[in-house]
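Enquirer: Counting from 6, one number per residue, gives the positions in the sequence shown under this note's numbering.
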Amino acid sequence: MVDYVEAIKKPFSDLKTLAIGTILSAIPLVNLLASGFALKVAEDTIKGKKALRSFAVDDIVEYIIKVIMAFVISLVYMIIPTIILGIGIGAGVTALIGGMTDPNAAGEAIAATLALGGPFILIGVLLMIIASFLLPMAMMKWLKAGKIGAAFKVGEVVKSALTLKYIITLVVIVIYAAIVGTIAGILSTLLAITVILPILIMGLVSFIMSVTTMTMYAEASK
C-alpha cells in the first residue's frame, strides 16, 4: 500500500534539505543534482528507508551518475516512438509543401499530409504514451536491482506496471501535480514583480514534486 500522505509530507520533513533542494532546483543544469537526489530518495524508499536523506557533498558524484543512467533509460524507451513520430511529421510536412506549389491543390495537399504522415504520427504518439507509462516503473526496477539491465526487462516492467496500485499512483501524482502547479502559478503571478521569488517558487515546486513522485513510484513498485 502506498502511503500518499507520507510521500507528500516527506520533502517538508527536513527544512534544511528542502531549502538546499529548492535552490538547486531553481538553477539550470545544477538542478540535475536535485534530480539525482530524488532518484536516491526512491532507492532509499525501495530499501525500506522512510526518512528523507540529507544532501551530502560526498554523494554528488553518485547523484550525477544516477541522472546519467536515468537519461540512458529514458532515451532507450523514447527513441523508437520519437523516430516514428519524426517520420510521420517529416512525411506530412513534405507532402504539404509539395501541394502548396499549386494553390488549387490545397485540399489534395492536406489529404496527402494526413495519408502519409497521419498513421506514423498516430503510432508514434501511442508508443510515446505507452513508453511514458512504463518508464517510471523501469526506473524503479533499475534502482531496486542496482543494474541498468533490469530497466529493460520489458516483461517484468509491464507486469509490475499493470497493477491497480501503480495505476492509482499515477492518477494521484497527476492530480497532486495539477493542484501544486495551480497554486504555484498563482503565487508566481502575484509575486512576479520581485523576479527572484517566482524562480524560487518554481524551484520549490520542482523539488517537492520530484521527491514526492519518486517516493510514490518506489512504494508502488514494491
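Cβ coordinates follow ideal geometry from the N, Cα and C atoms, glycine included.
Since we're looking at a predicted model, the values are computed, not measured.
Under three-state DSSP, which class holds ASP64?
Expert: Residue 64 sits at position 59 when you count from the first residue of the sequence shown. If DSSP states are grouped into helix, strand and coil, ASP64 belongs with the helices.
Enquirer: With H, G and I counted as helix, E and B as strand and the rest as coil, what does DSSP make of SER226?
Expert: Mapped onto the sequence shown, residue 226 falls at position 221. Of the three classes helix, strand and coil, the one that applies to SER226 here is coil, per DSSP.
Enquirer: Mind reading off the beta-carbon distance from VAL7 to THR174? Whole number of angstroms is fine, and I expect it under 8 Å.
Expert: Position 2 of the sequence shown, counted from the start, is the residue given in the question as residue 7. Position 169 of the sequence shown, counted from the start, is the residue given in the question as residue 174. So it is a contact: roughly 6 Å between Cβ atoms.
Enquirer: If you measure between the beta carbons of SER226 and SER137, is that distance less than 8 Å?
Expert: Taking the first residue of the sequence shown as 1, we reach residue 226 at position 221. Taking the first residue of the sequence shown as 1, we reach residue 137 at position 132. Contact: no.
Enquirer: Among the residues of its own chain, which have a CB less than 6 Å from the CB of ALA156, if the five just before and after it don't count?
Expert: Taking the sequence shown and counting its residues from 1, one reaches residue 156 at position 151. So the qualifying residues of the chain are ILE78, ALA143, LYS146, TRP147.
Enquirer: Does DSSP put LYS164 in a helix, a strand or coil?
Expert: For this step, residue 164 is matched to residue 159 along the sequence shown. Reduced to three states, the DSSP call for LYS164 is helix.
Enquirer: Should THR168 go down as buried or exposed, given a rule of 16 or more other Cβ atoms within 10 Å for buried?
Expert: Working through the sequence shown from its first residue, we reach residue 168 at position 163. Exposed, by the Cβ-count rule.
Enquirer: Measuring alpha carbon to alpha carbon, tell me which of ILE70, ILE85, GLY208 ends up nearest ILE32.
Expert: Indexing the sequence shown from 1 puts residue 32 at position 27. Answer by Cα proximity: GLY208.
Enquirer: Hey, quick one: how far does the alpha helix (DSSP H) through LEU20 stretch, first residue to last?
Expert: Start at 1 with the first residue of the sequence shown, and residue 20 comes out as number 15. Element bounds for LEU20: 20-31.
Enquirer: Going by DSSP in three states, VAL35 sits in which element: helix, strand or coil?
Expert: Numbered from 1 along the sequence shown, position 30 holds the residue referred to as residue 35. The answer is coil: DSSP assigns VAL35 none of H, G, I, E or B.
Enquirer: With a threshold of 7 Å on Cβ separation, who are the neighbours of ILE1 within its own chain once the five nearest residues in sequence on each side are excluded?
Expert: The structure shown does not extend to residue 1, since the chain is modelled only from 6 through 227, so no value can be given for it.
Enquirer: Would SER40 be called buried (16 or more neighbouring beta carbons within 10 Å of its own) or exposed?
Expert: In the sequence shown, the residue the question calls residue 40 occupies position 35. SER40 should be labelled buried.
Enquirer: What is the DSSP secondary structure of ALA56, reduced to helix, strand or coil?
Expert: Residue numbering aside, residue 56 sits at position 51 when the sequence shown is read from its first letter. Looking at ALA56 - three-state DSSP - the assignment turns out to be coil, as it is neither helix nor strand.
Enquirer: Skipping 5 residues on each side, what residues in its chain have a beta carbon closer than 7 Å to that of ILE178?
Expert: The count along the sequence shown starts at 1 and reaches residue 178 at position 173. Within the same chain, ILE178 has close Cβ partners THR218, MET221.
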